Amino acid sequence: MASTNALSSASILRSPNRQSLTRRANHNGRVNYRQPNSRFSVKASAKEIAFDQHSRSAMQAGIDKLADAVGLTLGPRGRNVVLDEFGSPKVVNDGVTIARAIELPDPMENAGAALIREVASKTNDSAGDGTTTASVLAREIIKLGLLSVTSGANPVSLKRGIDKTVQGLVEELEKKARPVKGGDDIKAVASISAGNDELIGQMIAEAIDKVGPDGVLSIESSSSFETTVEVEEGMEIDRGYISPQFVTNPEKLIVEFENARVLITDQKISAIKDIIPLLEKTTQLRAPLLIIAEDVTGEALATLVVNKLRGILNVAAIKAPGFGERRKALLQDIAILTGAEFQASDLGLLVENTSVEQLGLARKITISKDSTTIIADAATKDELQARVAQLKKELSQTDSVYDTEKLAERIAKLSGGVAVIKVGAATETELEDRKLRIEDAKNATFAAIEEGIVPGGGTALVHLSTHVPALKDKLEDADERLGADIVQKVRILIYLHIF
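Heads up, my numbering is the position in the sequence shown plus 1168, with the first residue counted as 1.
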């Protein structure tokens, strides 16, 4: 019955200009959905299977082609790459953007290129920068590793030796790292990451000075030619989208909404009928909708995803942050930030009875797989100040270390705001390139604040060469020791590539 309801609900929200589905009832009373007068025959294409040297050489060719394009941007003398896209071409200096844009015609070569794309994407997800260095390192490790395997080395032992050596070098690198101190360090890190652009470095330093090292920094396009830094009411939530199908920016894998409505509840939404009235009204208002709930599952999630993919709804859903009573307090904070009425189950405020007037409003919302940033409408400033004053009073009266920590965290989230860098440029191509550079600078700076900094230009890798012999001596297997030799050679190769 659940699947029947989901299909029925999906049909309620379908676009009128789409081909309708025919419903036929069988003798069991079930409703079958199918397209009228259409029969399809799908046949999978034949698979090409390759082994040994043939497969390795084809994959290596694909790895080299992608890594060569990405590697052009490495170092202080790195060059730009022009991507031929629909409309005007895109000039970029960002490794992961280049890697994602390249698809090779040969399937085996493309499989090799996919390995480097994965390296760049994972590095971008975890660090936000350094994708070009990671791609070039991966290419050299794979190349030397394949040569060793061709010569008869055991690939499993070889990888084990590489992993053990890398782990030892990472520990040494952490010991050499020093913490970021002051605005000058922040400016230097941001400037270098942005291609030695001191103006971008100054803006990142200014933004972090305004919101603090634990603050939130957002990047958006400006309506003028100038690039400015502003602080607006907003907060970051440590919850990402429930389904990746909600993504509106496939290149960055994020959801971006402007002037969105926000539904806030501590209830679990599984029946689509509970929110159909809200969906219809927000669609009429042409406003995106963010749903923050305990969870969105079953037919409700399926129907939201289907209608989002069809272009009928502009919607996304995230799980409510926190647990227990703390969850309710955090949801109340978000409600005050957005001007929403918190639909609390213990007060008898049910989702199915929610009106549009009870929804919140956000000027901008950005959702990744791990976090959500909400920039509020300016109208909620007085309410925010009152909420912060209330939390400060609670903080002064509590004796619990745990409560003190959590209250201080909530106060920081509400009062710190969001630093918004509004990027201006003369052309669309220049704007996109500048935004990518600022994004890289932002990510590199926050990573540096969290983990520290080391000498740049590949010199940190070269300085680690003295530690490899000691790590190699700990390895007894000959092929594992060969893996340590590969790591030693790669560190020198990356330095030579930069200069």
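Positions of the beta carbon are idealized from the N, C-alpha and C atoms, including for glycine.
None of the values given here were measured: they were computed from a predicted structure.
TODO: Rounded to whole angstroms, what's the CA-CA distance from D1382 to P1347? Just pull it up for me.
DONE: 15 Å
Task: Residues near E1424 in its chain [Cβ-Cβ closer than 6 Å; skip 5 each side] - done: T1416, N1417 and T1534
TODO: Go to I1617, then tell me how far its alpha helix (DSSP H) extends in each direction, as first and last residue.
DONE: E1596 to E1619
TODO: Please list, in chain order, all residues of the same chain as R1182 whose beta carbon is under 6 Å from its beta carbon, the five residues on each side excluded.
DONE: Residue placement at R1182 is poorly supported in this model, since its pLDDT is 44, which falls under 50; the coordinates still yield a value, given next. The answer is none, since no qualifying residue turns up.
Open item on the list: I'd like to check one pair, K1610 with V1591: are the Cβ atoms closer than 8 Å?
Closed with: no
Task: Residue ranges of each beta strand (DSSP E) within the segment 1449-1507, 3 or longer - done: 1457-1461 and 1483-1487
- [ ] Alpha carbon to alpha carbon, how far is N1475 from T1172? Give it in angstroms, no decimals.
- [x] With a pLDDT of only 39 at T1172, under 50, the local geometry of the prediction cannot be trusted, and no value is derived from it.
- [ ] Just tell me which of D1514, L1639, I1422 and A1580 has its CA closest to the CA of D1434.
- [x] D1514
Open item on the list: When you measure from the CB of D1406 to every non-hydrogen atom of the ligand NAD, does any distance come out below 7 Å?
Closed with: This structure lacks the ligand NAD, and indeed carries no ligand of any kind.
TODO: Could you name each continuous alpha helix (DSSP H) segment of 4 residues or more that falls completely within the segment 1285-1340, going from the start of the chain to the end?
DONE: 1299-1318
TODO: Decide yes or no for the touch test of the segment 1291-1299 against the segment 1251-1266: beta carbon pairs closer than 8 Å, at least 3 of them.
DONE: yes
- [ ] Measure the alpha-carbon distance for G1351 versus I1504 and round it to whole angstroms.
- [x] 33 Å
- [ ] For P1273, I'd like the list of residues in its chain whose CB is within less than 8 Å of its CB, leaving aside the five on either flank, ordered along the chain.
- [x] none
Task: Beta-carbon separation (whole angstroms), V1397 vs I1589, contact threshold 8 Å - done: 6 Å
- [ ] Check each candidate in I1606, L1481 and M1227 and name the one with the smallest Cα separation from G1296.
- [x] I1606
Open item on the list: Along the chain, where does the beta strand (DSSP E) containing K1590 start, and where does it finish?
Closed with: V1586 to V1591
Task: Alpha carbon of V1260 to alpha carbon of K1327, nearest angstrom - done: 33 Å
Open item on the list: Let me make sure I understand the geometry here. Which of I1440, E1644 and T1613 has the alpha-carbon closest to that of K1355?
Closed with: T1613
Task: Cβ-based neighbour list, Q1413, same chain, cut-off 8 Å, excluding 5 preceding and 5 following - done: V1473, K1476 and L1477
- [ ] Could you name the residues of the same chain whose beta carbon sits closer than 6 Å to that of L1112, not counting the 5 residues immediately before and after it, in chain order?
- [x] Given a span of 1169 to 1667 for the chain in the structure shown, any question on residue 1112 remains unanswerable.
Task: Pick from V1317, I1360 and S1390 that is closest to E1598, judged by C-alpha positions - done: S1390
Task: Closest Cα partner of Q1511 within the set G1255, L1431 and A1576 - done: L1431
Task: CB contact flag (G1313, I1617, <8 Å) - done: no
- [ ] Given a cut-off of 8 Å, decide if A1530 and T1506 are closer than it, judged by their beta-carbon atoms.
- [x] yes
Task: 8 Å Cβ cutoff met for L1575 and E1562 - done: yes
TODO: Starting from the Cα of E1339, find the closest Cα among G1624, K1657, L1650 and E1619 and give me that residue.
DONE: E1619
Open item on the list: Pairs of beta-carbons, one from the segment 1619-1631 and one from the segment 1400-1408, closer than 8 Å: are there three or more?
Closed with: no
- [ ] Measure the alpha-carbon distance for R1429 versus T1566 and round it to whole angstroms.
- [x] 35 Å
- [ ] Look at the alpha carbon of I1542 and the alpha carbon of V1586, and state the distance between them as a whole number of angstroms.
- [x] 9 Å
- [ ] Please list, in chain order, all residues of the same chain as G1197 whose beta carbon is under 6 Å from its beta carbon, the five residues on each side excluded.
- [x] Reliability fails at G1197, whose pLDDT of 41 lies under 50, so the model's placement of it is uncertain and no value is given.
Task: Three-state secondary structure (DSSP) of F1510 - done: coil
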